[in-house]
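Working notes for the structure below.
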Amino acid sequence: MDYGIETQCIYGNGEHFDGDRTGAVSFPIYQTATFAHPEVGRSTGYDYSRLQNPTRERLEQVVAALERGIDAMAFTSGMAAIAVLMELFRPGDHVIADADLYGGSVRLFNHINEKNGIAFDRVDCSGESVEGHIRENTRAIFIETPTNPMMHVIDIRRMAEIARRHDLLLIVDNTFLSPYFQKPLTLGADIVIHSGTKYLGGHNDTLAGFLVVSSVELSERLRFILKTTGSALSPFDSWLILRGIKTLPIRMERAQENAIAIVKYLQAEEKVRRVYYPGIEGTKEYELCRSQATGFGSMLTFEVESRECALRVLKQTKLIPFAESLGGVETLLTYPATQTHADVTEEDRIRTGVTDRILRLSVGIESVKDLIADLKQAFRRE
Numbered sequence: 354m355d356y357g358i359e360t361q362c363i364y365g366n367g368e369h370f371d372g373d374r375t376g377a378v379s380f381p382i383y384q385t386a387t388f389a390h391p392e393v394g395r396s397t398g399y400d401y402s403r404l405q406n407p408t409r410e411r412l413e414q415v416v417a418a419l420e421r422g423i424d425a426m427a428f429t430s431g432m433a434a435i436a437v438l439m440e441l442f443r444p445g446d447h448v449i450a451d452a453d454l455y456g457g458s459v460r461l462f463n464h465i466n467e468k469n470g471i472a473f474d475r476v477d478c479s480g481e482s483v484e485g486h487i488r489e490n491t492r493a494i495f496i497e498t499p500t501n502p503m504m505h506v507i508d509i510r511r512m513a514e515i516a517r518r519h520d521l522l523l524i525v526d527n528t529f530l531s532p533y534f535q536k537p538l539t540l541g542a543d544i545v546i547h548s549g550t551k552y553l554g555g556h557n558d559t560l561a562g563f564l565v566v567s568s569v570e571l572s573e574r575l576r577f578i579l580k581t582t583g584s585a586l587s588p589f590d591s592w593l594i595l596r597g598i599k600t601l602p603i604r605m606e607r608a609q610e611n612a613i614a615i616v617k618y619l620q621a622e623e624k625v626r627r628v629y630y631p632g633i634e635g636t637k638e639y640e641l642c643r644s645q646a647t648g649f650g651s652m653l654t655f656e657v658e659s660r661e662c663a664l665r666v667l668k669q670t671k672l673i674p675f676a677e678s679l680g681g682v683e684t685l686l687t688y689p690a691t692q693t694h695a696d697v698t699e700e701d702r703i704r705t706g707v708t709d710r711i712l713r714l715s716v717g718i719e720s721v722k723d724l725i726a727d728l729k730q731a732f733r734r735e
């Protein structure tokens with residue numbers, strides 16, 4: 354049966370858990386490092402929790418179902434997932450990466466992967482000609498959509514066509530919209546990345562990351578790397594993310610509703626110069642996002658009149674924390690220049706629009722009246 358995503362968030366493939374005799378509705382936490390075997394040549398299916406654990410396996414089944422993937426792998430963080438992903442490539446390989454990416458990904462590329470012989474071209478995949486940057490040794494295209502923090506929307510179908518034409522992998526970071534609003538594998542992507550810390554967990558209390566793949570070959574290659582490097586998610590953290598995913602649909606809907614209201618307020622705020630959000634009608638991002646996703650999400654970025662104004666707002670909010678993360682039930686205000694993109698060069702930041710006047714807002718599920726009131730008083734206080 355083809356279950357709706359609300360059901361899949363709770364049951365994965367739609368089946369109740371019936372693996373133990375207690376009738377537990379909440380999937381158990383198998384807090385064990387190792388598993389006993391009945392005898393040589395016979396196994397319970399589990400050996401050692403670095404390789405697999407029933408709680409993590411259940412979580413991976415749910416995430417794979419949500420993204421409509423062949424397999425999903427759970428990691429200790431989103432960056433751990435990307436680090437394992439990059440082990441698919443060899444010295445001399447070349448990767449095209451979008452110009453506007455999370456600063457942690459850029460740091461990994463610049464300081465770890467380049468050291469290991471992988472070359473990168475940073476390209477504006479929302480507007481520039483990607484094919485003009487493809488070389489004989491190019492192996493993949495790496496994008497986020499919407500991008501972090503400038504909220505550019507990249508045409509996943511177009512990127513997938515280019516990747517297929519040149520025998521490249523298309524890798525899509527889907528953290529901002531989550532599988533509730535967007536499913537890149539159904540649009541032609543090969544690998545989807547998630548920082549599970551964000552919307553999947555949803556409560557700002559657990560670190561996690563995911564890779565979801567479209568083929569058995571990719572699953573086998575990445576599971577071997579995961580087994581070898583040992584960055585799999587713990588049983589308890591797997592259970593926390595499983596619990597968070599159960600409320601993903603209602604959180605995404607409520608947070609998006611709040612975000613749309615806040616965008617309207619910010620557009621009218623005299624100290625705000627521009628608002629970046631794919632749900633603003635009349636923009637190219639709006640039409641493209643509608644064509645490949647079922648929602649616009651609750652991430653937005655806005656530019657204020659000066660650096661001093663940005664710093665004042667960060668200091669003066671009373672309800673909204675000034676903190677680096679996103680996707681939780683709490684609304685968070687982030688200053689990319691010194692937080693998410695602190696390790697990106699000033700030249701690269703400014704080229705992509707991440708100036709010292711830019712603020713990023715991850716909208717949560719609080720009363721939107723309270724959120725807008727907090728922003729209003731922060732803008733008014735001197």
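The opening position of the sequence shown corresponds to residue 354 in our numbering, with each subsequent residue numbered one higher. Think of the CB as a built atom: it goes at the ideal place given N, C-alpha and C, for glycine as much as any other residue.
Query	Result
Alpha carbon to alpha carbon, what distance is there between T397 and D520?	39 Å
Please specify which runs of the alpha helix (DSSP H), each continuous and at least 4 residues long, are wholly inside the segment 657-720, giving them in chain order.	660-669 and 699-704
For M503, name the three-state secondary structure that DSSP assigns.	coil
Could you tell me the alpha carbon to alpha carbon distance between C662 and L579, rounded to whole angstroms?	45 Å
DSSP on G562, reduced to helix/strand/coil?	strand
Select from N406, S587 and I703 the residue whose C-alpha is nearest the C-alpha of A389.	N406
Measuring alpha carbon to alpha carbon, tell me which residue in E489, V707, G457 and L685 is nearest D526.	G457
Roughly how many angstroms separate the alpha carbons of T429 and A417, rounded to a whole number?	17 Å
Who pairs with T387 in a beta bridge, going by DSSP?	Y401
Pull up the CB-CB distance for R510 and L540, whole angstroms please, since I reckon it's below 8 Å.	5 Å
Buried or exposed for D590, going by 16 or more other Cβ atoms inside 10 Å?	buried
Using a Cβ distance threshold of 8 Å, determine whether the segment 689-696 contacts the segment 479-498, with at least three qualifying pairs required.	no
Could you tell me the alpha carbon to alpha carbon distance between S402 and Y618, rounded to whole angstroms?	49 Å
Just to confirm the assignment, what range does the beta strand (DSSP E) spanning Y629 have?	V625 to Y629
Excluding the five sequence neighbours on either side, which residues of its own chain have a C-beta within less than 6 Å of the C-beta of D696, listed in chain order?	G456 and R460
For my contact list, E420 and P532 are in at a C-beta cut-off of 8 Å; report their separation, rounded to the angstrom.	5 Å
Under three-state DSSP, which class holds L454?	coil
Grouping DSSP H, G and I as helix and E and B as strand, with all else coil, what is I382?	coil
Among K729, L523, R395 and V657, which one has its Cα closest to the Cα of R713?	V657
Taking 6 Å as the line, does the beta carbon of R576 fall inside it for any heavy atom of the ligand SAM?	Although the ligand SAM was asked about, the structure shown includes no ligands whatsoever.
Assuming K562 and A433 are in contact, meaning their beta carbons sit under 8 Å apart, how far apart are those beta carbons, in whole angstroms?	Note on residue identity: the sequence assigns Gly, not Lys, to residue 562. So it is a contact: roughly 5 Å between Cβ atoms.
Determine the DSSP secondary structure at V545, reduced to helix, strand or coil.	strand
Would the segment 603-618 count as touching the segment 711-728 if we require 3 or more Cβ pairs under 8 Å?	yes
Apart from the five residues just before and just after N651, which ones in its own chain have a Cβ nearer than 6 Å to its Cβ?	First, the amino acid is wrong: residue 651 is Ser here, not Asn. A608, Q609, A612 and V716, listed in sequence order.
Per DSSP, what are the beta-bridge partners of I494 in this structure?	I449 and L523
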